[in-house]
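The listed protein sequences derive, respectively, from chains A and B.
Counting in the working numbering, the first sequence tops out at residue 634, every number present.
Counting in the working numbering, the second sequence tops out at residue 353, every number present.
A short write-up of the structure that comes next.
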Amino acid sequence: MTVEVTTVYPAAAIYTMDSSKSTASAVAVKGDRFWALGSLDEMRSITNCEIDNTFVDKILLPGFVEAHSHGMASGLWLHTYCGFFDRSDPDGKKWSGCKNISDVIERLRVADNAIQDPNEPLLAWGLDPIYFSGERLVGSHLDLVSLTRPIFVLHASAHLATVNSALMRSEGIDAATPMEGIPKDAEGNPVGELQEPAAMSLAGSAFRSFFGRMKAQDTKWALGRLANKAGVTTLTDLGNPSSTSQTTIDEWQEVVDHRDFPARVFIFDSPAMSQTTATNLLATREKSSEKLRLGAVKVVLDGSIQGFTARLRSPGYLNDRPNGIWVFPPEQLTELLRPFHEDGLLIHVHCNGDEAVDVFLETVETLLSESPKADHRYTIQHCQLTSPEQYERIADLKMCVNLFSNHTWYWGDQHISSTVGPDRAARMNSARTALNAGVPISMHCDAPVTPLGSLHVAWAAINRKTASGSVLGAEERISVEEALQAITLGAAYQLKMDTEIGSITPGKFADLAILEDDPYKVDPNELRDVSIWGTMSGGKIFPAENT
Amino acid sequence: MSEKVLPFTVIGGYLGAGKTTLINSLLSDSTIGRLAIVVNDFGEINIDESLILSHDGDTISLTNGCICCSLTDGFAETLTQIRDRSNDIDRVIVEVSGVGEPRKIAQWGHTPGYSLDGVVVLVDTSTVIKRSKDSYVGETICSQIAAADLILLSRCDLLEEDEIRSVERWLKEESSAMALRSPISASMLFGLEEIGTEKNISSLDHVSATLEFPTPIDLATIDIWEKSRPSGIVRVKGFLRINERPENSTEIQMCGPNLTMRASQSDSPTNALVAIATPGTPKASVTKWLNLLSLPN
Ligand SMILES: [Zn+2]
Ligand SMILES: [Zn+2]
Ligand SMILES: [Zn+2]
Chain A
88 MTVEVTTVYP
98 AAAIYTMDSS
108 KSTASAVAVK
118 GDRFWALGSL
128 DEMRSITNCE
138 IDNTFVDKIL
148 LPGFVEAHSH
158 GMASGLWLHT
168 YCGFFDRSDP
178 DGKKWSGCKN
188 ISDVIERLRV
198 ADNAIQDPNE
208 PLLAWGLDPI
218 YFSGERLVGS
228 HLDLVSLTRP
238 IFVLHASAHL
248 ATVNSALMRS
258 EGIDAATPME
268 GIPKDAEGNP
278 VGELQEPAAM
288 SLAGSAFRSF
298 FGRMKAQDTK
308 WALGRLANKA
318 GVTTLTDLGN
328 PSSTSQTTID
338 EWQEVVDHRD
348 FPARVFIFDS
358 PAMSQTTATN
368 LLATREKSSE
378 KLRLGAVKVV
388 LDGSIQGFTA
398 RLRSPGYLND
408 RPNGIWVFPP
418 EQLTELLRPF
428 HEDGLLIHVH
438 CNGDEAVDVF
448 LETVETLLSE
458 SPKADHRYTI
468 QHCQLTSPEQ
478 YERIADLKMC
488 VNLFSNHTWY
498 WGDQHISSTV
508 GPDRAARMNS
518 ARTALNAGVP
528 ISMHCDAPVT
538 PLGSLHVAWA
548 AINRKTASGS
558 VLGAEERISV
568 EEALQAITLG
578 AAYQLKMDTE
588 IGSITPGKFA
598 DLAILEDDPY
608 KVDPNELRDV
618 SIWGTMSGGK
628 IFPAENT
Chain B
57 MSEKVLPFTV
67 IGGYLGAGKT
77 TLINSLLSDS
87 TIGRLAIVVN
97 DFGEINIDES
107 LILSHDGDTI
117 SLTNGCICCS
127 LTDGFAETLT
137 QIRDRSNDID
147 RVIVEVSGVG
157 EPRKIAQWGH
167 TPGYSLDGVV
177 VLVDTSTVIK
187 RSKDSYVGET
197 ICSQIAAADL
207 ILLSRCDLLE
217 EDEIRSVERW
227 LKEESSAMAL
237 RSPISASMLF
247 GLEEIGTEKN
257 ISSLDHVSAT
267 LEFPTPIDLA
277 TIDIWEKSRP
287 SGIVRVKGFL
297 RINERPENST
307 EIQMCGPNLT
317 MRASQSDSPT
327 NALVAIATPG
337 TPKASVTKWL
347 NLLSLPN
């Protein structure tokens with residue numbers, strides 16, 4: 088009989104997130120699990136152990152857990168990035184942000200030159216002209232890139248696209264196009280903007296290949312590379328209406344269960360957008376493996392705050408702008424969730440606005456009074472404008488919140504000036520209030536909405552800085568310890584995976600974030616710049632530069 | 057050869073307004089032709105296999121959602137699938153979710169291969185005014201009503217005549233759409249009457265009249281004609297030769313108060329319209345109105 092070797096990894100520091108033993112200087116791994124924890128001397132007594140010095144100068148944390156991301160986060164990188172902020176692609180290449188119209192044109196010119204086939208459309212994403220001063224970017228700017236190749240640029244909001252005249256000519260978009268959402272100039276000709284999906288779909292073959300290419304299996308592998316470079320070892324596809332289809336499961340299993348894939352993926356279903364029943368979902372949950380998790384529910388109740396579509400309580404949006412929209416009818420939420428609740432399935436609901444939170448709280452209260460569940464872990468996703476009184480109620484109902492802390496950095500200035508004003512912007516994603524109320528929290532990036540990166544998410548909650556450099560809601564800042572807890576064990580708890588991941592604890596999966604600098608010793612202002620050496624997933628080492 | 061264009065009708069309205077009842081009754085009406093119905097998944101439609109393409113996914117929420125929830129090409133794909141089978145289909149009906157925005161969904165009716173045929177919004181006459189003041193969904197209901205071409209009042213049988221009238225008065229303030237009491241005939245809902253097939257007596261459920269015009273018509277004349285529409289007119293459709301647009305014939309489509317004109321893809325040689333009005337509308341007044349188009353400007 089061969090005895091399995093236990094590998095002991097000494098490290099510069101180990102922060103476990105396990106409250107009964109929070110630090111160590113060596114960790115032992117056997118198979119795919121953590122085996123023991125302590126000093127190197129303590130480890131030496133383990134039978135049949137080997138010492139591996141790979142991490143001797145590294146800092147080890149539990150692998151980061153991203154409890155709100157989307158499977159498509161990597162697919163967009165098949166197209167040219169034109170966003171305002173610097174961002175890294177799945178291969179680790181850093182793309183600088185496009186700060187003005189000429190940057191966008193230059194970026195697209197390079198991409199145009201790289202495409203051989205003159206008829207192949209140039210596809211790009213992430214354009215965020217709200218940050219540009221001066222004139223608005225339109226189709227004629229894109230004509231400076233090419234007069235012959237169709238160009239389709241999806242904006243960061245994903246609600247509109249800008250296209251060039253070659254595209255409009257080939258797809259027949261002209262003065263006579265009757266659809267709404269196609270702004271026209273003084274002569275009545277379309278300016279090259281396509282607003283909302285119906286108008287965007289008129290971009291025909293460019294539109295189809297934009298989304299078609301993102302469905303390739305390769306993008307799942309790229310998702311793993313993005314995760315690995317961010318220190319993330321568990322992430323989510325939060326809301327996939329076909330999660331119970333065997334084809335979908337097979338496609339994900341082929342990649343995620345492969346030993347070379349560096350992360351665990353939890354796929355939530357969206358029963359509001361599919362025919363999925365609780366019975367289906369229970370059966371699907373049984374198909375979970377150690378790395379691919381299935382069988383949970385995500386529902387989207389309202390829109391987004393920066394898109395003015397989240398449902399807000401009074402006083403609503405600035406300048407008496409109309410309230411947002413319901414994506415799912417509030418009156419039907421109880422009915423939709425009841426069977427999943429009865430069967431004890433995990434349920435997360437997207438509520439950006441405080442009015443949407445009220446609806447979800449009423450629903451949970453009803454369901455729990457009908458049929459009490461001791462350990463439901465109902466989670467409010469985003470939960471951005473929630474008031475202290477709502478947090479008390481959330482605590483009473485033993486619910487969790489997953490905050491969109493990156494908002495302060497990416498949209499904080501817009502929230503001050505145009506969505507809700509400085510007072511309510513200061514309480515957005517109020518992690519301090521949540522923790523004070525005793526509510527279990529996590530924080531997320533919602534990739535691809537903001538880049539996959541747990542340290543950035545933690546940094547945002549610790550510092551609450553906006554892109555223009557001011558501090559938004561200083562009273563809602565949390566400590567480094569609290570933030571790191573939220574992106575590890577806190578997120579694992581909301582996924583009901585805390586007995587398996589989220590801390591460096593003997594018996595749990597050996598998932599690690601391996602860092603070059605000590606997050607407790609760097610200036611908290613620089614936490615997001617801590618470099619990530621790579622990860623360990625189920626005992627296997629994945630250096631970031633190799634994946 | 058010109059491609060077939062499928063009429064595209066949007067059916068909206070809040071929960072309980074009767075969308076499912078309406079769609080089920082359309083499915084059992086053999087005069088309408090073959091339907092492709094894109095349904096909101098939370099409804100209960102009697103799916104009749106081959107005639108209907110049900111949709112399995114994120115159709116309706118697509119236009120409401122944002123990147124994190126619904127960045128897909130799902131609805132465009134559904135429309136492509138339907139267009140690929142356009143030889144087996146005569147008409148497309150899209151049911152909007154109870155909180156969906158019919159105006160946004162209607163824009164898909166301008167996709168190549170389709171022709172927007174109208175936005176029908178149902179209201180539950182017995183509850184609509186009360187619900188329009190609900191703090192959660194009041195604005196949603198009002199904006200659906202404002203987006204309609206035709207409003208259908210359901211559950212009128214639960215109310216007294218004066219109660220219905222007061223709802224009708226209220227709707228006039230909320231929307232420029234024409235409000236009709238349910239049920240109405242498929243002819244009125246879709247303007248099924250073809251030019252030249254006009255029955256010589258007015259039927260019980262609607263009144264219709266056709267008129268052929270000997271010469272091309274000026275845009276200014278159409279403008280005057282449109283503004284003098286008599287109250288009972290529900291729909292007008294047909295093709296006109298317009299002086300300012302000599303290249304092709306123009307397709308005319310009126311649903312409630314809203315007139316759409318677009319270059320005809322089927323290059324029909326006709327220069328004629330059919331108008332459909334509510335039962336009880338004097339046919340003479342309908343014909344007289346159509347006749348305004350033949351008057352010299
Ligand atoms: Zn969301
Ligand atoms: Zn999301
Ligand atoms: Zn969203």
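Where is the CB? At the ideal position from N, CA and C, for every residue including glycine.
Per DSSP, cross-strand counterpart(s) of residue i
i, result
"Glu137/A", "Thr94/A"
"Cys438/A", "His469/A"
"Lys293/B", "Gln309/B, Val330/B"
"Pro475/A", "Bridge partners of Pro475/A: none, in fact."
"His502/A", "According to DSSP, which records beta bridges pairwise, His502/A is partnered with nothing at all."
"Met530/A", "Leu490/A"
Presumed contact (8 Å Cβ cut-off) between residue i and residue j, rounded CB distance
i, j, result
"Gly194/B", "Ile332/B", "Not really, about 33 Å apart at Cβ, beyond 8 Å."
"Leu229/A", "Thr249/A", "6 Å"
"Val488/A", "Val526/A", "6 Å"
"Asp605/A", "Ile146/A", "5 Å"
Distance cut-off 7 Å: residue i Cβ against heavy atoms of ligand 2
i, result
"Leu325/A", "yes"
"His166/A", "no"
"Asp176/A", "no"
"His157/A", "yes"
"Asp533/A", "yes"
Proximity test, residue i beta-carbon vs ligand 1 heavy atom, cut-off 7 Å
i, result
"His437/A", "yes"
"Gln477/A", "no"
"His469/A", "yes"
"Val544/A", "no"
"Val387/A", "yes"
Buried or exposed (CB count within 10 angstroms, at least 16 for buried), residue i
i, result
"His531/A", "buried"
"Asp445/A", "buried"
"Asp205/B", "buried"
"His345/A", "exposed"
"Pro63/B", "buried"
"Arg141/B", "exposed"
"Pro459/A", "exposed"
"Ala276/B", "exposed"
"Asp279/B", "exposed"
"Lys228/B", "exposed"
"Ala303/A", "exposed"
"Gly625/A", "buried"
"Pro509/A", "exposed"
"Ser232/B", "exposed"
"Glu442/A", "buried"
C-alpha gap between residue i and residue j, whole angstroms
i, j, result
"Thr94/A", "Pro611/A", "33 Å"
"Thr316/B", "Ala262/A", "15 Å"
"His262/B", "Thr337/B", "8 Å"
"Lys180/A", "Arg174/A", "8 Å"
"Glu224/B", "Ala235/B", "7 Å"
"Lys117/A", "Leu124/A", "12 Å"
"Val232/A", "Glu193/A", "8 Å"
"Lys339/B", "Leu71/B", "37 Å"
"Gln137/B", "Gly299/A", "15 Å"
"Ala561/A", "Asn516/A", "12 Å"
"Leu208/B", "Val179/B", "6 Å"
"Val290/B", "Thr65/B", "15 Å"
"Glu219/B", "Thr181/B", "9 Å"
"Asp215/A", "Val342/A", "33 Å"
"Pro239/B", "Ile67/B", "14 Å"
"Phe131/B", "Asp176/A", "29 Å"
"Phe629/A", "Asp144/B", "54 Å"
"Ser361/A", "Ala245/A", "22 Å"
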